[in-house]
Every structure is written in structure tokens, then in C-alpha cells.
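K.L.:
Residue numbering for the sequence shown follows this note's numbering, starting at 16 and increasing by one per position. Backbone N, C-alpha and C fix where the C-beta goes; we use that ideal spot for every residue, glycine too.
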Amino acid sequence: STDASLPRVVRRPVFRQLCIVAAVLASSASMAWRGDSLNFLAAISAFAAGGACFAVNRTLLRGWGHSVFHLFLCVYVHHSLMSSHGLAVALHREDVSAYLEAQRQVHPAF
């Protein structure tokens with residue numbers, strides 16, 4: 016028999032949460048590999064802070080932990096996009112520099 020007054024607790028398997036953490040680390044690893052440590056640390060910190068919301072979901076946050084987690088994901092996405100934008104700018108600068116160097120070799124006065 017079930018009592019409707021008892022809180023329903025849904026326990027997710029730990030491997031599912033570990034898979035999410037592994038996916039975030041794998042997708043963020045390129046930031047660290049390229050040396051964009053500021054955006055990497057900010058993104059991982061935002062994800063960790065969002066994950067901590069689940070630990071205090073029922074007590075401190077009174078069930079709002081999932082919503083607050085998604086707010087922290089906005090910070091995570093912001094830093095991921097800033098990192099990819101920085102990469103695009105750096106690649107564009109390298110392309111422009113290579114083009115200008117090629118032009119200088121063809122036209123020394125350029």
C-alpha cells in the first residue's frame with residue numbers, strides 16, 4: 016500500500032549522472048587543450064555549481080534545484096561560446112596574417 020502523503024523520491028542511477036559529467040568534461044576539454052583556461056575553469060565551475068544545486072534541492076532550494084541548475088547552464092554555455100568565438104577570431108587572424116605574408120612575398124612593396 017502506498018501513502019499519498021509520503022514524498023515520492025525518484026532515485027536516478029549513478030551511471031547516468033556520471034555519463035553527464037563525462038560528456039561535459041569531454042566537450043569542455045578542447046578549451047583546456049587550446050589553453051583557454053579562463054573560459055574552461057569558468058564553464059566547469061558553473062557546471063559544478065549547478066550540480067551542487069541537486070545536493071541541496073530538497074532542503075535549501077525547496078525543489079528548485081533543477082531550475083537553478085539550468086540557470087547555471089546558461090553561464091556554462093556563455094563561456095563555451097566565448098571560447099569558440101575566441102578560437103574563430105584566432106583562426107581568422109592566422110588566415111589574414113598568412114595572406115598578408117604571401118602578398119608581401121609576391122609584392123615586396125605591399
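Please say whether L56 and C68 have beta carbons closer to each other than 8 Å?
P.N.:
no
K.L.:
For Y91, count neighbouring C-beta atoms within 10 Å of its own C-beta (all shown protein chains included) and say buried if the count is 16 or more, exposed if not.
P.N.:
That one is buried.
K.L.:
Once you ignore the five residues that flank F84 on each side, which residues in its own chain have a CB closer than 8 Å to its CB?
P.N.:
G65, G66, C68, F69
K.L.:
Go through its chain and collect everything with a Cβ distance to I59's Cβ below 7 Å, but skip five positions before and after it.
P.N.:
In its chain, beyond the 5 residues on either side, S43 have a beta carbon closer than 7 Å to the beta carbon of I59.
K.L.:
Assign F30 to one of two classes, buried (16 or more other C-beta atoms within 10 Å of its C-beta) or exposed (fewer than that).
P.N.:
exposed
K.L.:
Taking only the alpha-carbon atoms, compute the straight-line gap between R119 and L53 and give it to the nearest angstrom.
P.N.:
36 Å
K.L.:
Return the CA-CA distance between V36 and E116, expressed in angstroms with no decimal places.
P.N.:
44 Å
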